[in-house]
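**Student:** Going by the numbering used here, the sequence shown opens with residue 728, and the numbers climb by one from there.
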Amino acid sequence: MKRISLIPNIITAFGLAIGLFVIFKVNMIEPGAGNFELVQKSVFLLLLVALADFVDGAVARAFKAQSDFGLMFDSLADAISFGVAPSVLLLKTLSLQQGSYLSFVAAAGAMIFSLCGMLRLVRFNLKSIEAKGNLVEMSIQKKNFTGLPIPAAAAVAVASNLFLLSPFLTNYFEISNPLRVFVLTAVNIVLGYLMVSRWKFPSLKRLNFRMPSFHLAFLAVLFAVFFLYGIFYYFSIVFAILSWSYILIAFILSLIRLIAGKKSKTLKDFDPDDEDDEDKLNF
728 MKRISLIPNI
738 ITAFGLAIGL
748 FVIFKVNMIE
758 PGAGNFELVQ
768 KSVFLLLLVA
778 LADFVDGAVA
788 RAFKAQSDFG
798 LMFDSLADAI
808 SFGVAPSVLL
818 LKTLSLQQGS
828 YLSFVAAAGA
838 MIFSLCGMLR
848 LVRFNLKSIE
858 AKGNLVEMSI
868 QKKNFTGLPI
878 PAAAAVAVAS
888 NLFLLSPFLT
898 NYFEISNPLR
908 VFVLTAVNIV
918 LGYLMVSRWK
928 FPSLKRLNFR
938 MPSFHLAFLA
948 VLFAVFFLYG
958 IFYYFSIVFA
968 ILSWSYILIA
978 FILSLIRLIA
988 GKKSKTLKDF
998 DPDDEDDEDK
1008 LNF
């Protein structure tokens, strides 16, 4: 292994270590003992993992240190940090009696989320390997993702869990444990479907804004002010809005594409993949 390729792998290992720490730390508490503060701290740590996941890929591309080992290692880290950790956090924060129907429902939803996330990663790896040397396929992959990326799914899962525990919500509404179980299970099932679906989701790394630089800078500053204020004082609400907004934006883009029609070139990259493309991967 070249020395330069160690740098992105070390960053990946750092993110994986944080993900494992979240799982081990949460497992030390009693079931149902997870409060808002614990979930919030876990969310901060998982956001740090997401940052490491972004940086390791950027560093690998910058130093041209991409490798099959790095691809597999990164996927393994994502499977644990974004596929397993949110499910463990969910189950530990719910007051579930062993053997009850609520425990079965919650466990089933968590398993669907984790399993679909891992299938999503396997499909992504297969497509990445097949796209090597094919400039058209590589260009398409850089523009958007087929299926909801697992970091985004994990963000929505933990954001929903945090929001239902937030004082902002509980001070106005009484959220019973069965209601939390069914809502979060439904969220996990929807996220699981989106991860293995053929719907297209935009790559934030390839976003382009066609507007004067002054207007863009003004909007960026305005967004930053409201964003920082919300993060400091209403983190659970802002985080939930941002995480769900990514899914909403993807559906709006796909809807525009459907309205424009197949003959139009408008947002043609957001056509769902054909069944034949999925059959080639045995999915």
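Glycine included, each C-beta is placed from N, C-alpha and C at the ideal position. Predicted model only: the values in this text are computed from it and were never measured.
What would DSSP say about residue 929, mapped onto helix, strand or coil?
**Tutor:** Residue 929 falls in the strand class under three-state DSSP.
**Student:** Give, in chain order, every unbroken run of the beta strand (DSSP E) that is at least 3 residues long and sits entirely within the segment 939-990.
**Tutor:** Correct list: empty.
**Student:** Do the CB positions of residue 833 and residue 853 come within less than 8 Å of each other?
**Tutor:** Cβ atoms of residue 833 and residue 853: not closer than 8 Å.
**Student:** Go ahead and label residue 795 buried or exposed: buried means 16 or more other beta carbons lie within 10 angstroms of its beta carbon, across all protein chains shown.
**Tutor:** Label assigned to residue 795: exposed.
**Student:** Beta-carbon within less than 8 Å of residue 754's beta-carbon, same chain only, minus the 5 sequence neighbours each way: which residues are those?
**Tutor:** If we look at residue 754 and ignore the five residues flanking it on each side, its Cβ neighbours are 815, 819.
**Student:** Between residue 958 and residue 895, is the Cβ-Cβ spacing less than 8 Å?
**Tutor:** Result no, Cβ atoms of residue 958 and residue 895 do not sit closer than 8 Å.
**Student:** Report back the beta-carbon spacing between residue 839 and residue 915 to the nearest angstrom; my notes put them in contact at under 8 Å.
**Tutor:** Indeed they touch by this definition, with Cβ atoms about 6 Å apart.
**Student:** Is the beta carbon of residue 808 closer than 8 Å to that of residue 846?
**Tutor:** The answer is no: Cβ separation not under 8 Å.
**Student:** Just to confirm the assignment: which complete beta strand (DSSP E) runs, minimum length 3, are found wholly within the segment 865-915?
**Tutor:** You should have 871-873.
**Student:** Quick check on residue 970: buried or exposed, where buried means 16 or more other Cβ atoms within 10 Å of its Cβ?
**Tutor:** Result: buried.
**Student:** My understanding is that residue 756 touches residue 792, with C-beta atoms under 8 Å, so please give their C-beta distance in whole angstroms.
**Tutor:** Residue 756 to residue 792, Cβ: 39 Å. No contact.
**Student:** Nearest-angstrom Cα distance between residue 897 and residue 907?
**Tutor:** Near 12 Å, if we compare the C-alpha coordinates of residue 907 and residue 897.
**Student:** Considering only their Cβ atoms, is the gap separating residue 875 from residue 949 smaller than 8 Å?
**Tutor:** No. Outside cutoff.
**Student:** Over the uninterrupted alpha helix (DSSP H) stretch that includes residue 700, give me the two end residues.
**Tutor:** Limits of the chain in this structure are 728 at one end and 1010 at the other, which puts residue 700 out of reach.
**Student:** From the DSSP output, in three-state form, read off residue 924 for me.
**Tutor:** If DSSP states are grouped into helix, strand and coil, residue 924 belongs with coil.
**Student:** Ordered along the chain, which non-local residues of its own chain (more than five positions away) have a Cβ less than 7 Å from that of residue 877?
**Tutor:** Excluding sequence neighbours, residue 877 sits near 805, 809, 810, 844, 847, 848, 922.
**Student:** Quick one: using the 10 Å Cβ neighbour count with 16 as the cut-off for buried, is residue 885 buried or exposed?
**Tutor:** With 16 or more Cβ atoms within 10 Å of its Cβ, residue 885 is classed as buried.
**Student:** Beta-carbon within less than 6 Å of residue 841's beta-carbon, same chain only, minus the 5 sequence neighbours each way: which residues are those?
**Tutor:** Same-chain partners within the cutoff: 810, 811, 814.
**Student:** Could you check the C-alpha separation between residue 984 and residue 918 for me, to the nearest Å?
**Tutor:** Those two C-alpha atoms are separated by around 22 Å.
**Student:** Report the residue from 924, 740, 960 whose alpha carbon sits nearest the alpha carbon of residue 977.
**Tutor:** Closest option to residue 977, Cα to Cα, is 924.
**Student:** Roughly how many angstroms lie between the CA atoms of residue 910 and residue 825, to the nearest whole one?
**Tutor:** Roughly 19 Å separates the two Cα atoms.
**Student:** With a CB to CB cut of under 8 Å and the five nearest residues on each side skipped, what residues in its chain are close to residue 770?
**Tutor:** The answer, listed in chain order, is 885, 886, 889, 966.
**Student:** Since residue 807 is in the alpha helix (DSSP H), which residue starts that stretch and which ends it?
**Tutor:** No alpha helix (DSSP H) holds residue 807; DSSP gives it neither H nor E.
**Student:** State buried or exposed for residue 728, treating a residue as buried only when at least 16 other CB atoms are found within 10 Å of its CB.
**Tutor:** Since pLDDT at residue 728 reaches only 45, below the 50 mark, its modelled position is unreliable, and the value read off the structure follows with that caveat. The residue in question, residue 728, is exposed, as its Cβ has fewer than 16 Cβ neighbours within 10 Å.
**Student:** Give the straight-line distance between the Cα atoms of residue 954 and residue 763, rounded to the nearest whole angstrom.
**Tutor:** So the alpha carbons of these two residues sit roughly 21 Å apart.
**Student:** Applying the criterion that 16 or more other CB atoms from any shown protein chain within 10 Å of the CB defines a buried residue, is residue 952 buried or exposed?
**Tutor:** Under this definition residue 952 is an exposed residue.
**Student:** I need the DSSP call for residue 826, collapsed to helix, strand or coil.
**Tutor:** Residue 826: coil per DSSP, three-state reduction.
**Student:** What number of angstroms, rounded off, separates the C-alpha of residue 947 from the C-alpha of residue 747?
**Tutor:** When rounded, the distance between both Cα atoms is 35 Å.
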